[in-house]
Amino acid sequence: LIFRASLRNDVLNWCTFTQLAVSFRSSHFVNFARLAQVTHNSFHLRYNMTRSLAAKGVLGAALFACLVPCMVTAQDVVNSPHVVTGTTGAVHILPTTEITEQIEAQRGPVVAPGVLSYHGAQS
Amino acid sequence: MTGVNLYAIFWIPPTLQNGQTTTLSATYQSVAKRMLADYPYHGIANNSTQYYSTTSGTRYFVGAGGLIASYLDTHAYPASGCHDSVTPGNCITDSQLQAEISRVMSVNGWTPGLNKIFIVFTSTGEGSCFDSTSSSCAYTSYCAYHGNFGSTSNPTIYANMPYANPTYCYSASRGQHDPNGDIPSDAVVNVTSHEVTEATTDPLVSTGPYGWYDNANGEEIGDLCAWMFGTADWDSGLANQMWNGHFYDLQMEYDNHTSTCVKIGP
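Listed in order, the protein sequences are those of chains A and B.
This note's numbering runs 410 ahead of the 1-based position in the first sequence.
This note's numbering runs 739 ahead of the 1-based position in the second sequence.
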C-alpha cells in the first residue's frame, strides 16, 4: 500500500511538472512569477522523487539498466563454465565428456532458438 | 575471422618433463593434418559462414583458408609449471604454451593475424593446466581450448590440443565412431574441429571484441552441440562427414538459422 501510494504520488507530481513545463513553453513571453512556480514545483518534485519508496525503486532500476551491458560481458566471460580466466587472460575450453554432461544436466539439452549473438563492434 | 589459415605445431621433444620418452603416433599426426587440410569449404566450415565479424564498420564473413603449414617442434618442454593429476610431473601452463608458440612463429617466420590459427598438439603423457594454480586442467576439466594473445588488431589466435586421451575425450556412448580405425586419431580430429570452428567464430576470447556466443551461458557454436554427432551417413555408419574422400566423425555445430545442431551449413 505504501508503495502504491508513493507511486501514485510520483505520477501525480510528474503530471503536474509536465503540465507546467508545457504551459511555460507555450507562452511567448517570460512570466517570472510562472517561472518561479515551475522551478519551485520542479524542485519539490525532485525532492519527492528521491524520497519516496517507489522513486527509489525506479532510480535503482535505471541505474541497474545502465550497468547491465558491463555486467553481461563480465558475467559471460567470468561465470561461463566454458571460460577460464587467469593472469594470461582468458581461454575458452571444450569440457571433457563428463563435465559436458554435468553442464547439460544444469541447463537442459534444449537451447533457445537463434541463441548465438554477436558481441563485437557493430560500427 | 576473415579466413581460416591453419598452422599445426606438433610439439614432441624426445622426453617428457619427468624424463620419460614422448610418443605420438604417426597415424595421429597424419590424420590430424589431413583433417585440417580438408576442413575448409566443407560441411562445418560452411556452417560458420553465417557468423560474421565487424571491423571499422565493415562486415566480414569467414573466408577461405586451409592448412598453411605444419611443424614438428622438438624443442624441450619447459619445467613442469603445473600439476595435472592425470599426468603427474608433466604439465604445461598457458603462459608456457604461448611462449612456445611465439618461439615457433619466430623460427618459421610466421606472423600473427586475425585470419590465422596456430594449433599446438602435444605428446601422450603431457598434461596441461591453464596456470600454476592447476584449478583447470586437461582431462579433469577440458580436452582442449582456444585463446588469443598479443594485440587485438594483429592477434595470435591459438588452440591448445593436449593428447586426446580417449578416456576423457572420446564418447562412444554418445554415438562417436572411429572411421580412421584409430580411436585417439578420431578423438583428436573431433576436438580439433571443435576448436578451429570456435576460434573462427569467436577468435578474441581473451581480449575482445568478442564474437559469437550465447548470452546465458557463454557457450560458443561448438559448445551447444558438444559430443553430439547425429547420424553417421558415411563409411557404413562410421562417419558423418566425407571431405575430399576422407571420412571423419565430428561433432555437429550450431546453426543460428535453423536453431539446431547441424553437420553441414546453410
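Glycine residues also receive a C-beta, built at the ideal position from the N, C-alpha and C atoms.
The structure presented is a predicted model; accordingly, all values stated were derived computationally and were not measured.
Which partner residues of residue i appear in the DSSP bridge assignment?
i: residue 849 of chain B; result: Note: residue 849 of chain B sits in no beta bridge, so no partner.
i: residue 865 of chain B; result: Residue 865 of chain B is not bridged to any residue.
i: residue 855 of chain B; result: B/744
i: residue 1000 of chain B; result: B/993
i: residue 505 of chain A; result: B/881
i: residue 826 of chain B; result: For residue 826 of chain B, which the question treats as bridged, DSSP gives no partner whatsoever.
i: residue 952 of chain B; result: A/527
i: residue 860 of chain B; result: B/749 and B/900
i: residue 922 of chain B; result: Note: residue 922 of chain B sits in no beta bridge, so no partner.
i: residue 831 of chain B; result: B/867
i: residue 876 of chain B; result: B/868
I'd like to know whether the C-beta of residue i is nearer than 9 Å to at least one C-beta of chain A.
i: residue 1001 of chain B; result: no
i: residue 893 of chain B; result: no
i: residue 750 of chain B; result: no
i: residue 890 of chain B; result: no
i: residue 998 of chain B; result: yes
i: residue 854 of chain B; result: no
i: residue 839 of chain B; result: no
i: residue 879 of chain B; result: yes
i: residue 822 of chain B; result: no
i: residue 788 of chain B; result: no
i: residue 831 of chain B; result: no
i: residue 859 of chain B; result: no
i: residue 887 of chain B; result: yes
i: residue 773 of chain B; result: no
i: residue 963 of chain B; result: yes
i: residue 953 of chain B; result: yes
i: residue 919 of chain B; result: no
i: residue 757 of chain B; result: no
i: residue 784 of chain B; result: no
i: residue 870 of chain B; result: yes
i: residue 916 of chain B; result: no
i: residue 767 of chain B; result: no
i: residue 966 of chain B; result: yes
i: residue 930 of chain B; result: yes
i: residue 899 of chain B; result: yes
i: residue 960 of chain B; result: yes
i: residue 741 of chain B; result: no
i: residue 842 of chain B; result: no
i: residue 941 of chain B; result: yes
i: residue 934 of chain B; result: yes
i: residue 948 of chain B; result: yes
i: residue 995 of chain B; result: yes
i: residue 909 of chain B; result: yes
So, is the C-beta of residue i closer than 9 Å to a C-beta in chain B?
i: residue 500 of chain A; result: yes
i: residue 482 of chain A; result: The pLDDT assigned to residue 482 of chain A is 39, lower than 50, so where the model puts this residue is not dependable; a value taken from the coordinates is nonetheless given after this. Yes, its Cβ sits closer than 9 Å to a Cβ of chain B.
i: residue 443 of chain A; result: Any reading at residue 443 of chain A needs caution, since the residue's pLDDT is 45, under 50, leaving its predicted position unreliable; the model's value is listed next. Taking Cβ atoms only, chain B never reaches closer than 9 Å to residue 443 of chain A, which makes this a no.
i: residue 477 of chain A; result: No answer about residue 477 of chain A holds up, because its pLDDT of 44 lies below 50 and its placement is not dependable.
Please classify residue i: does DSSP put it in a helix, a strand, or coil?
i: residue 500 of chain A; result: strand
i: residue 489 of chain A; result: helix
i: residue 963 of chain B; result: helix
i: residue 494 of chain A; result: strand
i: residue 929 of chain B; result: helix
i: residue 841 of chain B; result: helix
i: residue 751 of chain B; result: coil
i: residue 981 of chain B; result: strand
i: residue 987 of chain B; result: strand
i: residue 760 of chain B; result: strand
i: residue 957 of chain B; result: coil
i: residue 912 of chain B; result: helix
i: residue 886 of chain B; result: strand
i: residue 452 of chain A; result: Per-residue confidence for residue 452 of chain A stands at a pLDDT of 49, beneath the threshold of 50, marking its modelled position as unreliable; the derived number appears in the next sentence. Three-state result, residue 452 of chain A: helix.
Since residue i is in the beta strand (DSSP E), which residue starts that stretch and which ends it?
i: residue 798 of chain B; result: 797-799
i: residue 783 of chain B; result: Note, residue 783 of chain B: premise wrong, no beta strand (DSSP E); alpha helix (DSSP H) at 782-787.
i: residue 906 of chain B; result: Not the beta strand (DSSP E): residue 906 of chain B falls in the alpha helix (DSSP H), residues 905-908.
i: residue 793 of chain B; result: 792-794
With a cut-off of 8 Å on the beta carbons, I'd call residue i and residue j a contact; round off their distance for me.
i: residue 799 of chain B; j: residue 791 of chain B; result: 6 Å
i: residue 753 of chain B; j: residue 766 of chain B; result: Their Cβ separation, rounded to whole angstroms, is 20 Å, which puts residue 753 of chain B and residue 766 of chain B out of contact at 8 Å.
i: residue 498 of chain A; j: residue 834 of chain B; result: 5 Å
i: residue 861 of chain B; j: residue 902 of chain B; result: 6 Å
i: residue 959 of chain B; j: residue 931 of chain B; result: Contact flag wrong, Cβ pair sits at about 15 Å.
i: residue 961 of chain B; j: residue 933 of chain B; result: 4 Å
i: residue 882 of chain B; j: residue 822 of chain B; result: Not really, about 18 Å apart at Cβ, beyond 8 Å.
Output the boundary residues of the alpha helix (DSSP H) element that contains residue i.
i: residue 896 of chain B; result: Looking at the DSSP string, residue 896 of chain B is not in any alpha helix (DSSP H); the run it does join, the beta strand (DSSP E), is 895-900.
i: residue 807 of chain B; result: Run containing residue 807 of chain B: none in the alpha helix (DSSP H); it sits in the beta strand (DSSP E), 804-812.
i: residue 1024 of chain B; result: With chain B covering 740 to 1005 only, the question about residue 1024 of chain B has no answer from this structure.
Chain C partners of residue i, CB-CB under 8 Å?
i: residue 496 of chain A; result: Judged by its chain identifiers, the structure shown contains no chain C, and its protein chains are A and B.
Is residue i near the ligand SAM, with its Cβ less than 8 Å from a heavy atom?
i: residue 744 of chain B; result: In the structure shown, the ligand SAM is absent, as is every other ligand, since no ligand is present at all.
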